[in-house]
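These notes concern the structure reproduced below.
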Amino acid sequence: MFRPWGQDARPAWRAQVDHEVLRPLDAAGCAAAERQVLAIGLARHPAIRMVGPHVRADLLVKAATAAEAAVVAGRVVEAVHREAGTDLLGPLAAVSARRHPDVAPPR
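To convert, take the position in the sequence shown, counting from 1, and add 30; that gives the working numbering.
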């Protein structure tokens, strides 16, 4: 299921993953999680921020279907928060994915 971005011919999906959090992430925590998304190489264009009581991760992932993209995004987000030291995640609140028509150059 997981392949490096450049070696993955599957389509890109814009995924959104919301988790409840034990305490809000500050800007530094969100930035650390975004850097970690790029470091693991399985997703692109991360945006991680607090939205009400949830931490929301928006990112591009590669997958064959929307359901697979949602699973991939959820797992990437969990790993990212653990590796970035922002392991404050509570239960998964929501996850969704929609086909992304094109992909801008990596940032």
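In this text, a Cβ means the ideal position worked out from N, Cα and C, and glycines have one as well.
Length of the line joining the Cα atoms of residue i and residue j
| i | j | result |
| --- | --- | --- |
| residue 63 | residue 114 | 5 Å |
| residue 46 | residue 98 | 13 Å |
| residue 134 | residue 82 | Unreliable placement is indicated for residue 134, whose pLDDT of 46 sits below 50; no coordinate value is reported for it. |
| residue 84 | residue 36 | 31 Å |
| residue 52 | residue 61 | 18 Å |
| residue 78 | residue 116 | 12 Å |
| residue 58 | residue 124 | 23 Å |
C-beta contact flag for residue i and residue j at 9 Å
| i | j | result |
| --- | --- | --- |
| residue 111 | residue 122 | no |
| residue 68 | residue 130 | no |
Member of the options whose CA lies at the smallest distance from the CA of residue i
| i | options | result |
| --- | --- | --- |
| residue 34 | 108, 71, 129, 106 | 71 |
| residue 38 | 58, 73, 69 | 73 |
| residue 138 | 40, 49, 41, 56 | The structure shown does not extend to residue 138, since the chain spans only 31 to 137, so no value can be given for it. |
| residue 41 | 102, 116, 108 | 102 |
Contacts around residue i, its chain only, beta-carbon distance under 6 Å, and the 5 residues preceding and following it disregarded
| i | result |
| --- | --- |
| residue 127 | 43, 45, 96, 99, 100 |
| residue 54 | 80 |
| residue 107 | 47, 87 |
Whole-Å CB distance - residue i paired with residue j, under 8 Å assumed
| i | j | result |
| --- | --- | --- |
| residue 76 | residue 93 | About 16 Å; that fails the 8 Å criterion. |
Proximal residues to residue i (C-beta, below 7 Å), its chain only, five neighbours per side dropped
| i | result |
| --- | --- |
| residue 66 | 110, 113, 114 |
Close beta carbons around residue i, own chain, < 8 Å, minus the five adjacent residues each side
| i | result |
| --- | --- |
| residue 56 | none |
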